[in-house]
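Colleague:
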Amino acid sequence: MATLRKEAGDAAEQAALEHLQQRGLKLLHRNYHCR
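Numbering-wise, numbering that gives the first Met the number 0 puts 0 at position 1 of the sequence shown, and it's gapless, one number per residue.
#1: Can you list, in chain order, the residues of its chain with a C-beta nearer than 7 Å to that of residue 16? Leave out the 5 residues immediately preceding and following it.
#2: Under a three-way DSSP split, which group does residue 5 fall into?
#3: To the nearest angstrom, report how far apart residue 3 and residue 24 are at their CA atoms.
#4: Please list, in chain order, all residues of the same chain as residue 20 whose beta carbon is under 8 Å from its beta carbon, the five residues on each side excluded.
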């Protein structure tokens, strides 16, 4: 179940990134999380 939530979150983050890049913004860093 947790992996499905992570995959959904990753997909949403990617969609948001693409949306912002289409408007001319540039990604400097992605969030990095490690347990």
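Backbone N, C-alpha and C define an ideal beta-carbon position, used for all residues, glycine too.
None of these values were measured; they are calculated from a predicted model.
Modeller: The relevant details are as follows:
#1: Translated into positions along the sequence shown, residue 16 becomes position 17. Excluding residues within five positions, the ones whose Cβ falls inside 7 Å are 26.
#2: Indexing the sequence shown from 1 puts residue 5 at position 6. Note: residue 5 maps to helix in three-state DSSP.
#3: Here residue 3 refers to the residue found at position 4 when the sequence shown is read from its first residue. Here residue 24 refers to the residue found at position 25 when the sequence shown is read from its first residue. Distance between the alpha carbons of residue 3 and residue 24 is about 29 Å.
#4: Numbered from 1 along the sequence shown, position 21 holds the residue referred to as residue 20. Correct list, in chain order: 26.
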